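>
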Amino acid sequence: MILNIPFSDIVFYFVAVFMVLLSIAAVSSKNVLRSAIFLIASFLGTAILYLLLKAEFMAMAQIMLYVGGVVVFIIFAILLTSHLGENKLSTPISQKFLAVFLALTLLGVMAKFLFNTKELSESITQKSPEASSLIAYGERLLSYAPNGFVLPFEIISILLFMTLVVAITIAKKDNKEEK
Amino acid sequence: MIAIIPDILLLLFPFLMLAFKLFLTQAQTAHKNFAFAYLFILLICQNFVLIGDTQVYFSNWQIDTFGIFMREIFTLSALLALLLSENYFKHSMSEKPKLFHFSEFAASIGFATFGGVVVVSANDLLTLFLGLELATIPMYALVAWNKRDSEGTEAAIKYILMGSVATAFELFGFSYLYGFAGHLTFPEIAQALQTNQASPLIWISVLFIISGIGFKMTLFPFHLWAPDVYEGAPTPVTAILSVTSKSIAIAFLTVLVFGPLNAIHQEIVPFLALLAGITLLAGNLGALSQSKLRRFMAFSSISQAGYILIALLGNSPEGKYAIIYYLFLYTFSNYLAFFIFSTISKDQSETFISLNGLSEKSKFLAIALLIALMSLAGIPPLAGFFGKLQIFTAAAENKHYFLILFAVLNNVLALYYYIQVLKSAWIDKPAKEIALSVSTKQKTIILILTLSVLLLGFLPFLSNNLSIALL
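Protein chains in written order, with my numbering: chain S, 1 to 179; chain G, 1 to 471.
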């Protein structure tokens, strides 16, 4: 019986359990710096899951962007901001019983739905032919064809520009005339 | 290629406003007038776009009749919001410090409006999601625009935290929809739903998508942020939140429910009906005991969201028509109320007490307030009544009589609190005299809006043309 389980499944459950534990540690840690470190570890877990799904490019992007970029940036921000990493955070939840009850209900509902889904247990993970190479990725990203993503790609650039403009406006120091 | 020109002009607007700030630093009033004129001309341009068959640009940018009308609502709302904000940039209003950076303010509103256009033109889940984000992120910043107002900053932090969680819910729902259909584009999702309706994955996805968008539409269990944020934000931003942000969320849900999810429309309906009913009741009960005007408007707009949701119970063209019609009239009525609140709040905060004695100081404003609130309450022959009539008609076609009855009973409750506001404007005597100063420009805008609310309902050109276009 045990021999029937493919090795990739064992790896999946191993990584998944670790990710759940690390995520809980990240949100429940009293120290911001530690939370960030747990976050890095759980992002690495996500990268391994991508590899199991045969999405090498996504795994690479996950490590380069999230582990290498975003979280390191967060850690720098914590370390450079005076005293942010030193004080203990207190995150009291006023209605603990209700919160746990709701979370468990949601988990139960999800589990009930997902165990009833036949497609999930029957289908085999395989690489989709469209995403076979990095060149195919890039071409599809910038293609005008109905399955191309040039429109969302352009909208993301507008979104980022807009976010920069409003963030700078909110964050910049007041001019003399404004005081 | 005509239909896409207004979209490009709209996208150009924020960039022009920022360029204005960069190169013409001295022209203080010029860039305000430029913004008003630009959006007004844009609104006229949008009216020249011919309705009819769906046109597709860049293979995924869809312009259909629903989208054309929604574009006009978004632009109208942006124009009115900028006009409303003008005084808030001149001097301190409603006991809050005055606002700065008009160009960036106008640019953010322009981007948010473009986000709405992206939502109604999207043909795949990714573009749809990005459109909603483009419309939401500037709102977070706009709420915190008044840096020296700690209330505004608090409201913005609440908004951004809860908004991010809602976005995560939405994306989670989308990921299940994608996992189910295997495609991101709407026609392919619709096809997958046609062939396989029983998959539990759809239900998880619908549950999470409606939770996420329910936050942005202020539906019942997700509405608790609205009163705090509406109260903390500067008044013009509150007006934008209650009109633009809400219409975009409704457009988002309409695009999904009557688009890719149309095959399971009948199965989603009980869920939507339940949400609509509870939202109506929660909004109305909350509004009963308010004393601050913006908080009051927050609860009022929560119950309006409940009404609009009822239209989604109808079938495709009628439901869409009712939503567009209602949103047009809601935009006029809501902005009229906000314009009147802005005239009384020059030297005092926006509370019911500040309205006291309005009928003696200015009969014109008091009558305009009467018309605005009665229209929001849905009293014939004002515009709001005809909007509600269309919504109920759309729902009645699918025989949701019980919900309609419940909504009409709720209307009675709503009438009570709208009349409370009128009581403080018409009957209650003011404790101290504060002189009103209303500029000719404000008077003109209030007059135009009042006439629109009065006449748009029963002058048939709007409703007839809309119904011919859509039905």
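For glycine and all other residues, C-beta sits at the position ideal for the given N, C-alpha and C. Just so it is clear, the structure is predicted and the values come from calculations on it, not from any experiment.
Give the straight-line distance between the Cα atoms of asparagine 410/G and serine 301/G, rounded to the nearest whole angstrom.
Approximately 14 angstroms, taken between the alpha carbons.
> Closer than 7 angstroms, Cβ to any Cβ of chain S: which residues of the stretch 252 to 285 of chain G, in chain order?
From the stretch 252 to 285 of chain G, no residue has a Cβ closer than 7 angstroms to chain S.
> Give me the Cα-Cα distance between alanine 144/G and alanine 156/G, rounded to the nearest whole angstrom.
Approximately 5 angstroms, taken between the alpha carbons.
> Give every residue of the same chain whose Cβ lies closer than 7 angstroms to the Cβ of valine 11/S, excluding the five residues on either side of it in the sequence, and list them in chain order.
For valine 11/S, where only same-chain residues beyond five positions count, the Cβ hits under 7 angstroms are Leu52.
> What does valine 118/G reach in chain S if we use C-beta pairs closer than 7 angstroms?
The answer, in chain order, is Ile155.
> Verify whether the separation of the beta carbon atoms of glycine 232/G and phenylalanine 222/G is less than 8 angstroms.
Going by C-beta atoms, glycine 232/G is not nearer than 8 angstroms to phenylalanine 222/G.
> With DSSP as the reference, please indicate the residues paired to methionine 93/G in a beta bridge.
Answer is Lys96/G, bridged to methionine 93/G.
> So, using beta-carbon positions, are isoleucine 160/G and isoleucine 240/G closer together than 8 angstroms?
No, Cβ-Cβ distance for isoleucine 160/G and isoleucine 240/G is not below 8 angstroms.
> Assign aspartate 124/G to one of two classes, buried (16 or more other C-beta atoms within 10 Å of its C-beta) or exposed (fewer than that).
It counts as buried.
> Would you please state the rounded distance, in angstroms, between the beta carbons of valine 118/G and threonine 127/G? I believe it to be under 8 angstroms.
That pair is a contact at about 6 angstroms.
> Between which two residues does the beta strand (DSSP E) holding isoleucine 63/G run?
Note, isoleucine 63/G: beta strand (DSSP E), 61 to 63.
> Starting from tyrosine 325/G, trace the alpha helix (DSSP H) in both directions and tell me its first and last residue.
Start and end: 316 to 344.
> Where does methionine 1/S fall in DSSP's three states?
Model confidence at methionine 1/S stands at a pLDDT of 49, short of 50, so the residue's coordinates are unreliable and nothing is read from them.
> Consult DSSP for lysine 292/G and reduce its assignment to one of helix, strand or coil.
Residue state, collapsed to three classes: strand.
> Proline 187/G to isoleucine 278/G, Cα distance in whole Å?
Going from the Cα of proline 187/G to the Cα of isoleucine 278/G covers about 33 angstroms.
> Taking 8 angstroms as the CB-CB cut-off, is lysine 216/G touching chain S?
Answer no: the Cβ-Cβ gap between lysine 216/G and chain S never drops below 8 angstroms.
> Looking at the unbroken beta strand (DSSP E) that takes in valine 56/G, where does it start and where does it end?
Taken as a continuous stretch (DSSP letters only), the beta strand (DSSP E) holding valine 56/G covers 55 to 57.
> Ordered along the chain, which non-local residues of its own chain (more than five positions away) have a Cβ less than 6 angstroms from that of phenylalanine 208/G?
Excluding sequence neighbours, phenylalanine 208/G sits near Phe169, Phe172 and Gly173.
> Tell me threonine 351/G's beta-bridge partners as DSSP assigns them.
Note: threonine 351/G sits in a beta bridge opposite Lys292/G.
> Return the first residue and the last residue of the alpha helix (DSSP H) that glutamine 229/G is part of.
First, the residue type needs correcting, since residue 229/G is valine and not glutamine in the sequence shown. Here the alpha helix (DSSP H) through valine 229/G covers 225 to 232.
> I'd like to know whether the C-beta of glutamate 133/G is nearer than 8 angstroms to at least one C-beta of chain S.
Yes - at least one Cβ of chain S is within 8 angstroms of the one on glutamate 133/G.
> Anything in the stretch 153 to 164 of chain G with a Cβ closer than 7 angstroms to a Cβ of chain C? List those residues in chain order, please.
Chain labels in this structure do not include chain C; the protein chains are S and G.
> Using the rule of at least 16 other Cβ atoms within 10 Å of the residue's Cβ for burial, across every protein chain shown, is glycine 52/G buried or exposed?
Glycine 52/G comes out exposed.
> Name the chain G residues that come within less than 7 angstroms of phenylalanine 43/S, Cβ to Cβ?
Neighbours of phenylalanine 43/S on chain G: none; closest Cβ ~16 angstroms, over 7 angstroms.
> By how many angstroms is the C-alpha of glycine 457/G removed from the C-alpha of leucine 382/G?
Between leucine 382/G and glycine 457/G, the C-alpha separation is close to 6 angstroms.
> Is leucine 219/G buried or exposed, if buried means 16 or more other CB atoms sit within 10 Å of its CB?
Counting Cβ neighbours within 10 Å, leucine 219/G comes out buried, since at least 16 surround it.
> Under 8 angstroms, Cβ to Cβ, is there at least one residue of chain G near alanine 111/S?
Cβ-Cβ to chain G under 8 angstroms: no for alanine 111/S.
> Is DSSP giving serine 25/G helix, strand or coil here?
The residue asked about is misnamed: residue 25/G is threonine in this sequence, not serine. If DSSP states are grouped into helix, strand and coil, threonine 25/G belongs with coil.
> Looking at C-alpha atoms only, which residue of Asn398/G, Tyr307/G, Lys429/G and Leu376/G is the closest neighbour of isoleucine 472/G?
Residue 472/G is absent from the structure shown; chain G starts at 1 and stops at 471.
> Taking 8 angstroms as the cut-off, decide whether the C-beta atoms of leucine 99/G and threonine 75/G are in contact.
No, the Cβ-Cβ distance between leucine 99/G and threonine 75/G is not below 8 angstroms.
> Taking DSSP as the reference, what is the three-state secondary structure of aspartate 149/G?
Coil.
> Can you give me the C-alpha to C-alpha distance between histidine 31/G and tyrosine 325/G, rounded to a whole angstrom?
Computed Cα separation, rounded: 32 angstroms.
> Curious, which full-length alpha helix (DSSP H) runs of at least 4 residues does the stretch 31 to 71 of chain S contain?
Those alpha helix (DSSP H) runs which fall completely within the stretch 31 to 71 of chain S and span 4+ residues are 32 to 52 and 56 to 61.
> Determine, using beta carbons only, whether leucine 159/S comes closer than 8 angstroms to chain G.
Yes, its Cβ sits closer than 8 angstroms to a Cβ of chain G.
> Any beta-carbon of chain G closer than 8 angstroms to the one on proline 6/S?
So, not an interface residue.
> Beta-carbon separation of lysine 292/G and threonine 238/G under 8 angstroms?
No, the Cβ-Cβ distance between lysine 292/G and threonine 238/G is not below 8 angstroms.
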